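Numbers given in the numbering used here equal positions in the sequence shown, counted from 1, plus 5.
For every residue, glycine included, the Cβ atom is placed at its ideal position computed from N, Cα and C.
None of these values were measured; they are calculated from a predicted model.
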Amino acid sequence: METMIQPAANQAATTDFLPLHGTDYVELYVGNAKQSAHYYKTAFGFQDYAYAGPETGVKDKVSYVLIQDKMRIMLTTPLSSSHPITEHLKKHGDGVKVLALMVEDAYDAYAQTTSRGGKSYMEPQTLTDEFGEVRMSGIHTYGEVVHLFIERKNYKGTFMPGFKAHKTNYNPTTTGLKYADHCVGNVGWNQMNPWVKFYEDVMGFKNILSFDDNDISTEYSALMSKVMSNGNGYVKFPINEPAEGKKKSQVEEYLDFYEGEGVQHIAIATDNIVETVTTLQSRGVEFLTIPTSYYDELIDRVGHIDEDIEPLKRLGILVDKDDEGYLLQIFTKPVEDRPTMFFEIIQRKGAKSFGKGNFKALFESIEREQALRGNL
Ligand code: FE2
6 METMIQPAAN QAATTDFLPL HGTDYVELYV GNAKQSAHYY KTAFGFQDYA YAGPETGVKD
66 KVSYVLIQDK MRIMLTTPLS SSHPITEHLK KHGDGVKVLA LMVEDAYDAY AQTTSRGGKS
126 YMEPQTLTDE FGEVRMSGIH TYGEVVHLFI ERKNYKGTFM PGFKAHKTNY NPTTTGLKYA
186 DHCVGNVGWN QMNPWVKFYE DVMGFKNILS FDDNDISTEY SALMSKVMSN GNGYVKFPIN
246 EPAEGKKKSQ VEEYLDFYEG EGVQHIAIAT DNIVETVTTL QSRGVEFLTI PTSYYDELID
306 RVGHIDEDIE PLKRLGILVD KDDEGYLLQI FTKPVEDRPT MFFEIIQRKG AKSFGKGNFK
366 ALFESIEREQ ALRGNL
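Written out as structure tokens, the structure is:
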């Protein structure tokens with residue numbers, strides 16, 4: 006059963022020991038950062054922003070940072086077979102390594118989380134250049150994913166020391182993507198609750214929503230999910246684990262092909278999903294498709310919405326509502342050849358939930374893709 010848990014009033018004002026200003030950036034380890042950057046610019050409309058590599062004194066890897074409104078992604082490739090990132094790529098293929106969070110004090114964030122059981126990934130350090138300083142630290146989370154705590158209030162340069170501003174002659178337009186709405190992790194059998202407890206104990210998050218396998222099972226593919234949120238709600242991490250179904254869970258397919266736990270999808274917000282998705286599709290982003298019958302009972306299910314149904318139907322955009330409003334969402338196909346990470350595009354019109362009313366249609370769509378891959 007879906008359980009909505011009301012967050013305690015003014016939690017942020019009481020004892021938030023890890024105040025977060027939001028997502029700072031998401032770093033993906035990829036096989037060829039130069040080509041990935043081209044893809045995220047061409048297909049998703051990200052813009053050139055910063056670069057680190059041999060030309061900036063980093064000899065063993067290359068990172069491109071791209072930006073669109075408040076959303077920053079970093080694409081990193083190692084330059085030799087002996088680099089530790091090469092092992093990550095060999096095992097997982099392209100995928101998310103870092104979910105970096107914007108903090109007020111990176112040294113305190115480290116002390117608060119490691120004293121509560123967080124496993125150190127990066128001891129606090131201060132990076133400086135002529136534009137000021139960035140302080141950072143980090144801890145491990147599920148799989149090989151890490152959280153970096155980034156404190157940039159005393160930095161005026163581009164991104165952070167070690168990077169230079171980067172601009173090429175190729176600058177496709179933006180697509181209306183604005184910021185990370187939520188980032189979802191897939192964890193192994195019986196691992197959801199331990200990771201829920203990690204976010205509660207180590208990072209002070211609250212479980213704001215739970216779905217069990219009665220909510221999220223179709224004929225075949227089942228999962229369970231709990232949504233973790235920080236005090237001000239700027240950072241939301243749903244955690245999925247597989248559940249028993251007639252055949253293989255979509256989460257299990259991910260775990261098999263990623264060869265471990267990891268980030269399943271990143272949801273990026275837009276203010277105009279019809280325009281954004283029209284542009285993304287024209288630029289080659291592939292989305293899951295939904296039978297047009299989904300739209301026959303849409304108005305009966307969600308009531309009045311501002312958007313015309315016709316473009317939603319043409320694009321395959323899903324709609325769901327909760328007590329506070331409605332949301333529109335759509336999911337890409339995996340953006341790697343392994344059926345692992347994908348993106349969600351979401352527009353919230355009051356709703357704070359995650360589209361439970363769409364799970365059935367969505368999972369049937371995922372299952373059709375799983376069946377095509379022979380993995381159902
Ligand atoms: Fe999502």
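Relative to the non-hydrogen atoms of the ligand FE2, the Cβ of Ala272 comes within a distance shorter than 7 Å of at least one. Listed as beta-bridge partners of Ile72 by DSSP are Gln52, Arg77. Nearest C-alpha to Lys251 among Leu228, Gly58, Tyr126: Leu228. In the structure shown, the three-state DSSP call for Gly137 is strand. Secondary structure note for Pro89: its alpha helix (DSSP H) is the uninterrupted segment 89 to 97. Assignment of Glu156 by DSSP, reduced to helix, strand and coil, places it in the strand class. Secondary structure of Val201 (DSSP, three-state): helix. Between the segment 295 to 309 and the segment 358 to 371, the count of C-beta pairs closer than 8 Å reaches three or more; the two stretches touch. Collapsing the DSSP output to three states places Leu293 in coil. Of Lys326, Phe262, Ile72, the smallest CA-CA separation from Met346 is found for Phe262. Taking a contact to require three or more Cβ pairs closer than 8 Å, the segment 201 to 217 and the segment 159 to 173 do not qualify as touching. The Cβ-Cβ distance between Thr119 and Pro166 does not fall below 8 Å. With a threshold of 16 other beta carbon atoms within 10 Å, Ile304 falls short and is exposed.
Counting only runs of at least 4 residues, the segment 215 to 244 fully encloses no alpha helix (DSSP H) element at all. For Leu303, the secondary structure class from DSSP, reduced to helix, strand or coil, is helix. Set against 7 Å, the gap from the CB of Glu349 to the closest heavy atom of the ligand FE2 is smaller. Taking one beta carbon from each stretch, the segment 349 to 366 and the segment 268 to 281 have 3 or more pairs nearer than 8 Å; the two touch. Residue state for His309 is assigned as coil, using DSSP reduced to three classes. Look at the beta carbons and you see the segment 234 to 245 touching the segment 180 to 195: at least three pairs across the two are nearer than 8 Å. Shown here, Ile322 sits in coil according to DSSP, grouped into three states, outside any helix or strand. Excluding its 5 nearest sequence neighbours in each direction, Ala114 has C-beta neighbours in its own chain below 7 Å: Leu23, Val108, Ser142, Phe154, listed in chain order.
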